[in-house]
Amino acid sequence: MEVPKVTRPMDVKSGLDNLSLEQQWALAEDMEMQQWQLAQQRKSLWSKFKGGMANVLLERIGRQMYNSNPDSTVIVPHVNHQTIPTTGIIEHYNLIEMAAGRGEIFHSNALNLRRAYSEFRPVHGDGECFYRSFIFSYFEQVLDRQDTHEEHRLLAAVKGVARHHARLGWTSEFSSRYKAFKALIKKVMRWKRHNRWKNVPTTDSYSKQKLLKFFSCYGRTDDIFAFLRLVAAIWICSHSEEFEPLIPELNEYGTLREWCLHEVIRYKVFTDHVQMTALVTALGVPLRVEYLLQGDGQDLYTPQKDSQDDMPRSTCWPGHRHQLPHAHVVPHVTVLYTNIHYDIIYPHRRDGAVCSQQTEQVQRPTAESSGQQIA
Numbered sequence: 306m307e308v309p310k311v312t313r314p315m316d317v318k319s320g321l322d323n324l325s326l327e328q329q330w331a332l333a334e335d336m337e338m339q340q341w342q343l344a345q346q347r348k349s350l351w352s353k354f355k356g357g358m359a360n361v362l363l364e365r366i367g368r369q370m371y372n373s374n375p376d377s378t379v380i381v382p383h384v385n386h387q388t389i390p391t392t393g394i395i396e397h398y399n400l401i402e403m404a405a406g407r408g409e410i411f412h413s414n415a416l417n418l419r420r421a422y423s424e425f426r427p428v429h430g431d432g433e434c435f436y437r438s439f440i441f442s443y444f445e446q447v448l449d450r451q452d453t454h455e456e457h458r459l460l461a462a463v464k465g466v467a468r469h470h471a472r473l474g475w476t477s478e479f480s481s482r483y484k485a486f487k488a489l490i491k492k493v494m495r496w497k498r499h500n501r502w503k504n505v506p507t508t509d510s511y512s513k514q515k516l517l518k519f520f521s522c523y524g525r526t527d528d529i530f531a532f533l534r535l536v537a538a539i540w541i542c543s544h545s546e547e548f549e550p551l552i553p554e555l556n557e558y559g560t561l562r563e564w565c566l567h568e569v570i571r572y573k574v575f576t577d578h579v580q581m582t583a584l585v586t587a588l589g590v591p592l593r594v595e596y597l598l599q600g601d602g603q604d605l606y607t608p609q610k611d612s613q614d615d616m617p618r619s620t621c622w623p624g625h626r627h628q629l630p631h632a633h634v635v636p637h638v639t640v641l642y643t644n645i646h647y648d649i650i651y652p653h654r655r656d657g658a659v660c661s662q663q664t665e666q667v668q669r670p671t672a673e674s675s676g677q678q679i680a
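First residue of the sequence shown? That's 306 in my numbering, and the numbers climb one at a time after it.
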């Protein structure tokens, strides 16, 4: 069975086709900056644009416009540049009235989150908010490390997914998306060893700004989100015995592949616990989901403490092999589910490291939880 290709708009001109992917991204960044400067000069004209046309123009400069009322517009970044203290959760989500109506359960959740987590980072909600939150939080932690062990481990993990894809025999856009994801990993490694002549206060501020800039434009992130969706679909279809029992609506689609086409690979389709578990298991990245309204959080993937069989001890890189240290720890990602949306949430830090709230055992999602669709 062939996986149909999904056509997505590109922000760069066809004349750039012969350039490398990284050259295209660099030129695209310059184009976006020029567009932003032009937009600032013509700021007074924005009020004349309505609905879809305004959104298209704003997306080309890496922003998404929300109309809270007909007379005002608020431009919100795809990934918020500033984190918000967890003391402001209820106010941020405008849940004061809801909190009063829900009683002790909601108040208890809010208090527990404030005890365990220090801040959260909102992301744009467009159907890709889980993938956006997950991969940004992951790379944000990778950038905090001086070494490149984790980048090499991730490269080995996605290479394994590529082998699964080859065995499935699918005709898809996996190859181009795979190249885009590997190019992003190389970008992260380059940001960490950025030129010292740049007038920046710290490596952290420079690299984080580069990461924020990368995730501010659909022209770059579309390929990344498409790749993550394909990874989830490939893992699900390669481990059908594990995932088929978790999909109660599978009979409506006939085959697992057909279900993946509609519920995993499709652009901006909602994501539930089945897709999330498949993705993080394939990449070997521990994930915890905290719930604002629904009680205790859940670990969708947590490697066993006494077993690291699924972690490659050495990885192939052009020209040499990279040996991972035995004590290597993979970043733990935590996201906050607000019943319709996912944002990033940060555990309190201890000795400069993110406090892990992961449990020792993997909690597999149930059929009931997998049936719940979330953005």
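Ideal placement from N, C-alpha and C gives every residue a C-beta, glycine not left out.
So Ser423 is in the beta strand (DSSP E); what residue range does that whole segment cover? 422-426
Would you call Met581 buried or exposed, if buried means 16 or more other Cβ atoms sit within 10 Å of its Cβ? Met581 comes out buried.
Report the partner residues of Val594 according to the DSSP bridge assignment. In the DSSP output, where bridge partners are listed per residue, Val594 has Gln603, Val640.
So, using beta-carbon positions, are Glu534 and Ile490 closer together than 8 angstroms? The sequence shown places Arg at residue 534, not Glu. No.
Should Ser438 and Val634 be called a contact, given that it needs their Cβ atoms to be closer than 8 angstroms? Inclusion of Ser438 and Val634 in the CB contact set at 8 angstroms is not warranted, their separation being larger than that value.
Mind checking who Asp648 pairs with in its DSSP beta bridge? Leu641
Select from Arg562, Tyr558, Ser521 the residue whose C-alpha is nearest the C-alpha of Ala538. Arg562
Compute the distance between the beta-carbons of Phe530 and Ile541, then report whether it is under 8 angstroms. no
Asn414 and Leu598 - do their beta-carbons sit closer together than 8 angstroms? yes
Cβ-Cβ distance between Thr391 and Arg419 below 8 angstroms: yes
Return helix, strand or coil for Ser373, following the three-state DSSP convention. Caution applies to Ser373, whose pLDDT of 33 falls short of 50 and renders its modelled position unreliable; the value that the coordinates give is listed next. In this structure, Ser373 counts as strand in the three-state DSSP scheme.
If you reduce the DSSP assignment to three classes, tell me which class Pro390 lands in. strand
Under DSSP, the alpha helix (DSSP H) around Gly465 begins and ends at which residues? 454-473
Looking at C-beta atoms only, is the number of pairs between the region 446-453 and the region 468-479 that lie closer than 8 angstroms three or more? no
Does any heavy atom of the ligand FMN sit closer than 7 angstroms to the C-beta of Lys491? Annotation note on the ligand FMN: not contained in the displayed structure, which lists no ligands.
Report the partner residues of Thr586 according to the DSSP bridge assignment. Bridge partners of Thr586: none, in fact.
Using the Cβ count rule (16 or more neighbours within 10 Å means buried), how would you classify Gly559? By the neighbour-count definition (other C-beta atoms within 10 Å, threshold 16), Gly559 is an exposed residue.
Does the Cβ of Tyr572 have 16 or more other Cβ atoms within 10 Å, making it buried, or fewer, making it exposed? exposed
Is Leu400 helix, strand or coil when you go by DSSP? coil
In chain order, what residues of the same chain have a beta carbon less than 8 angstroms from the beta carbon of His653, not counting five sequence neighbours either side? Ala421, Tyr422, Ser423, Cys660
For a test of the three-state rule: what should DSSP assign to Thr695, helix, strand or coil? The chain is shown from 306 up to 680; residue 695 falls before or after that span and cannot be answered.
Within 10 Å of its beta-carbon, does Pro553 have 16 or more other beta-carbons around it, so buried, or fewer, so exposed? exposed
Between the alpha carbons of Gln628 and Gly393, how many angstroms are there, rounded? If you take the alpha carbons of Gln628 and Gly393, they lie about 43 angstroms apart.
Assign His429 to one of two classes, buried (16 or more other C-beta atoms within 10 Å of its C-beta) or exposed (fewer than that). buried
With respect to the alpha helix (DSSP H) encompassing Tyr436, which residues constitute its N-terminal and C-terminal limits? 434-448
Please return the same chain residues whose Cβ sits closer than 7 angstroms to the Cβ of Trp564, not counting the five positions on each side in sequence. Ile552, Leu555, Tyr558
Is Trp496 near Ser521, with beta carbons less than 8 angstroms apart? no
Per-residue DSSP class, three states only, for Phe548: DSSP places Phe548 in the helix class (H, G or I) of the three-state scheme.
Is the separation between the beta-carbon of Val590 and that of Tyr483 shorter than 8 angstroms? no
Please list, in chain order, all residues of the same chain as Thr586 whose beta carbon is under 6 angstroms from its beta carbon, the five residues on each side excluded. Excluding sequence positions up to five before and after Thr586, its CB lies within less than 6 angstroms of the CB of Tyr606, all in the same chain and listed in chain order.
Could you compute how far the alpha carbon of Asp528 sits from the alpha carbon of Phe479? 10 angstroms
Taking its Cβ as the centre, do 16 or more other Cβ atoms sit within 10 Å of Pro681, making it buried, or is it exposed? In the structure displayed, the chain extends from 306 to 680; residue 681 sits before or after that span and is not available.
From which residue to which residue does the alpha helix (DSSP H) around Tyr483 run? For Tyr483, the enclosing alpha helix (DSSP H) has its first and last residue at 479-497.
Beta-carbon contacts of Asn385 that lie in its chain and below 6 angstroms, excluding the five residues immediately before and after: Arg426, Pro427
Could you check what DSSP says for Gln451 in three-state terms: helix, strand or coil? coil
First and last residue of the uninterrupted alpha helix (DSSP H) at Arg562: 561-565
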